[in-house]
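Heads up, the sequence shown is in this note's numbering, so the first residue is 5 and it goes up one at a time.
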Amino acid sequence: MEEDVLERWRERDIFKQSIERRRGGPRWGFYEGPPTANGAPGSHHVLARVFKDIFPRYRTMCGYEVERKGGWDCHGLPVELAVERELGMKQKADIERYGIDRFNARCREVVLSHIDDWTRLTDRIGFWVDTEHAYRTLDPSYIESVWWALKTIYEKDLLFERLKVVPYCPRCGTALSSHELGQPGVYQDVIDPSAYVILPSARGKLVVWTTTPWTLVSNAAVAVDPELSYVRTADDFIVAEALAEKLFGAEVQVAETFLGSDLVGLSYEPPFDFIPASEYGEKGHTVLAADFVTAEDGTGLVHTAIAFGEDDFRLGEANDLAPINPVLPDGTYDKRIAAYAGLGVKEADPKIVEDLRSRGKLLKSEPYEHSYPHCWRCNTPLLYYAKPSWYIATSQIKDRLLAANETINWQPPHVKHGRFGNWLEGNVDWALSRERYWGTPLPVWRCPAGHLHVIGSLAELEAASGVALDDPHRPFVDDVTFECQVDGCDELMTRVPDVIDVWFDSGSMPFASYGAPQSGLVEFEAHFPADYICEALDQTRGWFYSMLAVSTLLFDQSSYRNVVCLGLLLDESGQKMSKSKGNIIEPWDVLNTYGADAFRWYFFTSKYPWDGYRFSMEALGEAVRQFMLQLWNTYGFYVLYANANEISAQALGLHEVELTDLDRWALSRLDATIATVRANLDALDATAAGRAIAEYVDELSNWYVRRSRRRFWDGDPAASATLHHALTTVAKLLAPFTPFIADEIYENLDGSEASVHLCDFPNSNPPALRDVELEESMAVARETVRLGLSARSQAKLKLRQPLHAAVVVAAGAEREAIERLADVVRDELNVRELRFVSEADELGEVEIKPNYRTLGPRFGKQMPMVAAAVAGLDPARAAATVRAGDKVKIDVGGNEHALGADDLLVSMKPLAGYQVEREGSHAVALELEIDESLRAEGWAREIVHAIQAARRDADFDISDRIALTLDGAPELLSAAREHQEYIAGETLAIEFDYAPLPGVAPVRIDDLDLRIEVRRV
Ligand SMILES: [Zn+2]
Ligand SMILES: [Zn+2]
């Protein structure tokens, strides 16, 4: 069915029409966060894409013009890594040998290799997005826009180069930004060797502790807290006082206690002499005062290697120590570290520890488990490493970022000041540059004198250099040089060879997707900012952040007004889905088994999307059974009876028929549902909206249709008009959720538009259709029926057996409500009469007994007299008295005693001959006695049931008229004669005969035989 609907959409060009039709309406903007198409899409992509679809569809039906431009994120390390793997490359030098042009050409192919897979899936799940005019971050016009942004930021004095300690991946050969450190899986628990190292000095042996022994080769200083107490032990070790016992045991002997400030300026013997103290500066290999030293772990003396830690680097700056870095970009030591030159630093860890031990410089070494960051792409442990990088000074606009965040509506709301707000509060400068190949080139040119020129467009570059570039990527842009334009400087400017963080690309999409400002400025301005974006929750540090940062840097406002965050897709036992665990559910398996609507419906309604999902084929199948099948069956029922009664596609209008209470109830509930759905979709809550529709479809199916079968059978135009209106309206309500089934139902029941997606979203009808009082009455009546049916099943009485009466506990408005709908209640419960009582007590007889546990100890041998006295009380009055908190008086051997609530056991004996069902203040009792006449009527219904089965077995059409012959137990035949007219009417029997049917196998009714013969006439 869904494939046919897709075909119809294509034929009639519905997506385009749906937008065209709303041209000129108010705009409602949506931005597609660009996925990377270098792999096939998974089920979690379906989750994001259906949430990107539902609200734009809804807004379109509400009259908004909602443009939906698709996009593709094309640059970055993931693509480079895939190509490196493919070409068997191990390091950056391999790429340069291979040729950057060939390498990048391959990256371009690979990143676009799965676009067809993506487009096919996008189409199949009904995500309406314009992939034909999708933006691509690799297009020259896109890159130009990004250049413009960077130039603008540079002109605001917020783009700069700085030597800084950065998390650095030696394999990828590039630094990572702080939001890349926020990617899942970056921090992993690992065990590293930790070392307590002895550094002899004139004052005693300083003991420092480190978890990165590889940094000891460039130890430059030791840091202490000048305010902290230190000790020198009898063995001449110097450590923080608070840590001495932990390090040397309770019996440690202290020779001397002093403040850290006493140690400042002390020279010591370094752990290695690869680099002499003088190279660091005047204070090389001395003790320095610092503000980051604690006595929580280690020794209270901190080994400092200027190039390998943020604190170390700051301390070096404050004390004029040179940031000497003996580690090459590939993560190996350079020539200065002679013994270890060429060795990867992590591999060197154990060797360095052994070296220290052999020279008596190691106090001890122990394995240390800690959470350590790894490269999110290649899983190599990161190094903290000082290197020059380009930054955007986002920390300078922190207040503006926080202010912009205040204007955003977050779903769920707690993200705003929680996860996202906290992230903004801790803002650090954006590490922008990457020493890589496949990315937007950093548009910064520099001359040997250090003058900078930031280029903002290809035209500007051409004007400066005379070179017109078709492709602004590396290596072509690397070759473009021009003369420095600073007065008096005629040096040649060459490009800083870095590319930029891909997150800056995707954060620039509001303007870069139109090529603005070089082109498409009008379109950009018309669509900025977006009303709605939606991505996974972990994008708080990714796209949500880069979108906010870029637009705040350039326009001082957020680029989006509303954002919906999506949780994780876990397997059914709550495990993350991964290839290695083999628990991945492929989207095409789901689509081929259940279809796109089921997939969508599951995501929209099974959970709040930000809570995440425990996803399995079974869970999805359940969603199908519970809702889709019920809807489809109700629709199927209408079609069946409409065909049988030759009702044309357009049923009568509601104003042309005489509506019953039940019809008006169904329409009133529909109206209430429309209001609920609209309110929730307006608030971006698809879950509550979808569940309201499901509840209505359940009411329609399990109450309205079930209660109205007879009327449909009879071709009642009011019932038909009501169900027709309800189903077409439900189709419109469902259109944004399950666009396929909605369109199919609409097409068959109405079809006045080319698609349901061109219709207006239903509005609450004129107030005349809403009848709150009727809805409340029906709710009470349905509750009464529920209790009555429960009493029936307790008494094990078949529903087809009529009973004399049901007694209902109800007073006031509830009683009026049930009386108003008495026919419905009687019919549902299959009783001839409804009676009312106002107190539940009237449905039974109160019994009271003495409580031996309390009265026994009190009366002892007199207990029999107490029991006799209790038996003499009026049970109902005594129970009411103690329930009210008063005492009941009894006479025991001439003395009066008072009994309280604890002394009497009160119970309720059901009224003889009734089955009672209670819940809260509601109760219903069924009169159980079945006399001859009820018995006969019950049998008549059983006979009808058996004849219907025979009709079905004979494959008769529901409208076929039959000739009926019955044979069997005399009791049954007599009941049939008594109710012959009823039976004939129900089974469309126009001939009715009683005759022996010797060859027919009997059916059993209450252990009696009945033989049935049906013939079509
Ligand atoms: Zn890496
Ligand atoms: Zn210059």
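Here a beta-carbon is modelled for each residue, glycine too, at the ideal position from N, C-alpha and C.
First and last residue of the alpha helix (DSSP H) that includes residue i?
i, result
"W507", "V506 to G511"
"K20", "I18 to E24"
"D997", "It is not in any alpha helix (DSSP H) - D997 instead sits in the beta strand (DSSP E) that spans A993 to Y998."
"T126", "I119 to R128"
"I800", "Note that residue 800 corresponds to Lys in the displayed sequence, not to Ile. Segment: none, K800 is in no alpha helix (DSSP H) and carries neither H nor E."
"E358", "V349 to S362"
Residues in the same chain with beta-carbon distance under 7 Å from residue i, minus the five sequence neighbours each way, listed in chain order, please.
i, result
"V9", "F744, D747 and E748"
"N425", "A small fix is needed here, since residue 425 is Gly in this sequence, not Asn. The residues are N409."
"A722", "V661, E662, L663, T664 and D667"
"S461", "E148, W151, W152 and Q522"
"E650", "none"
"H477", "N108 and P445"
"P188", "D542"
Could you pull the start and end residues of the beta strand (DSSP E) that residue i belongs to?
i, result
"L903", "N899 to L903"
"E249", "Taken as a continuous stretch (DSSP letters only), E249 belongs to no beta strand (DSSP E), being part of the alpha helix (DSSP H) at E245 to F252."
"W605", "Note, W605: premise wrong, no beta strand (DSSP E); alpha helix (DSSP H) at A600 to T609."
"G848", "G848 to P854"
"E410", "Per DSSP, E410 belongs to no beta strand (DSSP E); it is in the alpha helix (DSSP H), K402 to E410."
"R450", "V448 to R450"
Mapping DSSP to helix, strand and coil, what is residue i?
i, result
"P533", "coil"
"S271", "strand"
"D77", "strand"
"I966", "strand"
"V235", "strand"
"Y441", "coil"
"N108", "helix"
"H418", "helix"
"Y146", "helix"
"W380", "coil"
"V471", "coil"
"V910", "strand"
"E837", "strand"
Looking only at its chain, what residues have a beta carbon closer than 6 Å to the beta carbon of residue i, apart from the 5 residues adjacent to it on each side?
i, result
"P1099", "Lying before the first or after the last residue shown, residue 1099 is absent from the chain, which here runs from 5 to 1021."
"A993", "I966 and L968"
"V1007", "A950 and L1014"
"M551", "G511 and S563"
Check each candidate in the options and name the one with the smallest Cα separation from residue i.
i, options, result
"E260", "D239, P280 and P274", "D239"
"D702", "T742, F631 and L666", "F631"
"E975", "Y598, S582, S937 and Q257", "S937"
"G302", "Y200, E699 and M5", "Y200"
"A739", "F765, F716, L162 and T991", "F765"
"G942", "T237, V886 and Q805", "Q805"
"A693", "F607, E439 and Y68", "F607"
"V784", "C763, L825 and R72", "L825"
"L51", "Y62, A905, D957 and L573", "L573"
"V920", "V813, I987, I962 and K891", "V813"
"P39", "K56, C379, V432 and W614", "K56"
"D754", "P591, P1000, A309 and H728", "H728"
"H49", "E539, D906 and S842", "E539"
"F19", "D127, L405, H659 and E231", "D127"
"L731", "V709, E358 and R714", "V709"
"E84", "G443, G67, A322 and I947", "G443"
"G454", "A435, E495 and R423", "E495"
"L159", "D98, H457 and S47", "Going by the sequence as given, residue 159 is Glu instead of Leu. Per the Cα distances, H457."
Skipping 5 residues on each side, what residues in its chain have a beta carbon closer than 8 Å to that of residue i?
i, result
"Q579", "K585 and N587"
"L793", "L803, E832 and L833"
"A653", "Per-residue confidence for A653 stands at a pLDDT of 47, beneath the threshold of 50, marking its modelled position as unreliable; the derived number appears in the next sentence. These residues qualify, in order along the chain: N752, L753, D754 and G755."
Alpha helix (DSSP H) runs wholly inside the segment 621–695, at least 4 long, in chain order: 621–627, 633–648 and 665–686
Any beta strand (DSSP E) of 3 or more consecutive residues that is wholly inside the segment 807–834: 807–813
message: Please give the ranges of any alpha helix (DSSP H) in the segment 268–314, keeping only runs that are unbroken, at least 4 residues long and fully inside the region.
response: 281–284
- request: Identify every run of the beta strand (DSSP E) within the segment 553–603, keeping only runs that are complete inside it and at least 3 residues long; order them along the chain.
  value: 564–570
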